[in-house]
Amino acid sequence: MDETRAQAYLQLIQTLLNCPNGQENQILDAHSELVDAELVQMMWVVAAQLSGDNQENEANILLQIATQIANFLEMNDEGNKEYVNFILELLQAEADSNNPVTVIYPMLGQRQHLLNDRFAETLQQVAHNLIFGEDTEAIKLIIGELQNLTIDIKNFSLGKRANNLEIAITGYQIVLNNREPGSEKFAQPHSNLAIAYSDRIRGEKAENIERAIECYTAALSVYKDEAFPEDWAMTQNNLGEAYRNRIRGEKSQNIELAIECYTAALKVHTRDDFPEYWAITQNNLAIAYSDRIRGEKPENIELAIECYTAALSVYKDEAFPEDWAMAQNNLGEAYRNRIRGEKAENIERAIAFYTTALTVYTDDAFPEDWAGTQNNLAIAYSDRIRGEKAENIEVAIASYTAALTVYSPEAFPQDWAMTQNNLAIAYRNRIRGEKA
1 MDETRAQAYL QLIQTLLNCP NGQENQILDA HSELVDAELV QMMWVVAAQL
51 SGDNQENEAN ILLQIATQIA NFLEMNDEGN KEYVNFILEL LQAEADSNNP
101 VTVIYPMLGQ RQHLLNDRFA ETLQQVAHNL IFGEDTEAIK LIIGELQNLT
151 IDIKNFSLGK RANNLEIAIT GYQIVLNNRE PGSEKFAQPH SNLAIAYSDR
201 IRGEKAENIE RAIECYTAAL SVYKDEAFPE DWAMTQNNLG EAYRNRIRGE
251 KSQNIELAIE CYTAALKVHT RDDFPEYWAI TQNNLAIAYS DRIRGEKPEN
301 IELAIECYTA ALSVYKDEAF PEDWAMAQNN LGEAYRNRIR GEKAENIERA
351 IAFYTTALTV YTDDAFPEDW AGTQNNLAIA YSDRIRGEKA ENIEVAIASY
401 TAALTVYSPE AFPQDWAMTQ NNLAIAYRNR IRGEKA
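144 is the number that the working numbering gives to position 144 of the sequence shown; each next residue is one higher, with no gaps.
The following block contains the structure:
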């Protein structure tokens, strides 16, 4: 570096340190011929000197500007320009349109190959450079568009799902870093981030669930039932799901916490005011009672049956076919495992519910759910008391065999092994029946 250019760098650095807050970008634009990697290196040297002279504030300011310039230089690298331009186009489209389905999604679809780890890294750089030196109102607008874009990428159905979720996690974290703690706008990205962690494919599942719980809990520090009843109830339900699926901690305690959260949500999500959310929470509560370890098992199953039955009062096959079929299958499981009542009648009810579920769960539309219900139906026929035993075993064999057309050892190794084992038992019982 020649002495003349070194002096020019030092003068520019001094100008940046002395300028009013918010004018840094204008000064850098006016001296664009000096904005390069050597300037960044000089800034680091000067910042170290300032820090050594106990001028920490000036050193931090200079380091922030140096980081901005370094990000700018990296973004304008030929290999990165495509990502930067794409992100800027998306943010502009978010600002210009209220309909992501017709504008944002086609843009994402055309360049879905760019939705990868590099996109997430570049998103951080672009966000940092866009908000650096801007006033509070401008930052709010930029972060608002970034949040909208993040939501759209999270919900985008094309591309690699794992990549889209990583980008969403990065985006929500950027938004959080620029929200005022304790405000409503601080709670919303926490809730969004929790959902992203709950759905996350990468990373350790147990750790992802822990992060989701932390984020939901943080959101609830703002979402109070009196001030934000709907958001509070939705977050309670989602927190219940996280606790129900939790891997760490004592399982019995996690289920109790899930039940508490679902029950709390139902104080707001009533059948009259929020019938669909009420049904969702009733179904979730039923699953929790089915899995419950504490309490009396017969009573827990009865409570599960009550909740599934309640959900079906809203889930009609015409309006909510998939939810309806799910509840039918789950109710079949509850009756198959029921302790109270006549066992023969309980199994008949289970068979009826499984059979009903299969009117929606077809092998073409819902192959995995169809296979699961076929397996459940086979177990029920294997345990059936009424009817001809030989005929029941034949139906069970047919249902197990049907399930195995979906349950392959590659795609569903555990389900495949379990079904093969059950099928072997059915064949063994069949032979015994013939010998008898």
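Even glycine gets a Cβ: it sits at the ideal position worked out from N, Cα and C.
Computed from a prediction, not measured in an experiment: that's the story for all the values here.
Evaluate residue i with the Cβ neighbour count: other Cβ atoms within 10 Å of its Cβ, from every protein chain shown; 16 or more gives buried, anything less gives exposed.
i	result
Arg340	exposed
Asp231	buried
Gly372	buried
Ala411	exposed
Gly240	buried
Pro409	exposed
Thr298	Looking at the sequence itself, residue 298 is Pro, so the reference to Thr does not match. Exposed: under 16 other Cβ atoms inside 10 Å.
Asn346	buried
Pro413	exposed
Arg428	exposed
Ala365	exposed
Arg336	buried
Thr150	buried
Ser198	buried
Pro20	exposed
Glu405	The sequence given here has Thr at residue 405, not Glu. Answer is exposed; the Cβ neighbour count stays below 16.
Pro100	buried
Ala417	exposed
Glu391	exposed
Short check: CB of residue i to CB of residue j, under 8 Å?
i	j	result
Gly332	Ala310	no
Ile209	Ala242	yes
Ala233	His190	no
Val84	Val40	no
Leu123	Thr67	no
Ile195	Arg161	no
Gly22	Asp135	yes
Ile247	Lys205	yes
Ala288	Arg244	yes
Tyr262	Thr235	no
Leu91	Glu137	no
Tyr458	Asn192	Look at the range of the chain in this structure, 1 to 436, and you will see that residue 458 is not part of it.
Ile65	Leu141	no
Ile13	Leu62	yes
Ala167	Phe119	In the sequence under discussion, the amino acid at residue 167 is Ile, which differs from the Ala named in the question. Yes, they are a contact pair.
Asn237	Ala265	yes
Ala334	Tyr308	yes
Tyr407	Leu377	no
Asn129	Asn71	yes
Val268	Pro229	yes
Ala8	Leu34	yes
Asn329	Ala357	yes
Ile393	Arg430	yes
Ala319	Asn283	no
Glu89	Leu114	no
Ile104	Glu94	yes
Lys343	Ile301	no
Ala47	Ala37	no
Ile178	Ile131	The question names Ile, but residue 178 in the sequence shown is Asn. It is a contact, given that the beta carbons lie within the stated cut-off.
Go through the stretch 183-242 residue by residue and report every complete run of the beta strand (DSSP E) that reaches 3 residues or more, in order.
The stretch 183-242 is shown to contain no whole beta strand (DSSP E) run of 3 or more residues.
Are there three or more Cβ pairs, one per stretch, closer than 8 Å when the stretch 155-162 is compared with the stretch 100-116?
Yes, since at least three Cβ pairs between the stretch 155-162 and the stretch 100-116 fall closer than 8 Å, the two stretches touch.
What ranges does the alpha helix (DSSP H) occupy inside the stretch 60-117, keeping only unbroken runs of at least 4 residues that lie completely in it?
Taken in chain order, the complete alpha helix (DSSP H) segments of 4 residues or longer contained in the stretch 60-117 are 78-96, 104-110.
Evaluate the contact criterion for the stretch 267-280 versus the stretch 288-306: three or more CB pairs, one atom per stretch, below 8 Å.
These segments do not touch.
Completely contained alpha helix (DSSP H) runs for the stretch 266-338, where each covers 4 or more residues
Runs of the alpha helix (DSSP H) inside the stretch 266-338: 275-291, 297-312, 321-336.
Are the stretch 360-372 and the stretch 381-396 in contact at 8 Å, needing three or more beta carbon pairs?
With a cut-off of 8 Å, the stretch 381-396 and the stretch 360-372 do not count as touching, because too few Cβ pairs lie within range.
Is the stretch 419-429 close to the stretch 385-403, with three or more CB pairs under 8 Å?
These segments touch.
Is it a yes or a no for the stretch 175-191 touching the stretch 219-228, going by three-plus beta-carbon pairs under 8 Å?
With contact defined as three or more Cβ pairs closer than 8 Å, the stretch 175-191 and the stretch 219-228 are in contact.
Run through the stretch 11-55 for me and flag every whole alpha helix (DSSP H) of 4 or more residues, listed as ranges in chain order.
For the stretch 11-55, the full-length alpha helix (DSSP H) segments reaching 4 residues or more read 24-30, 37-52 along the chain.
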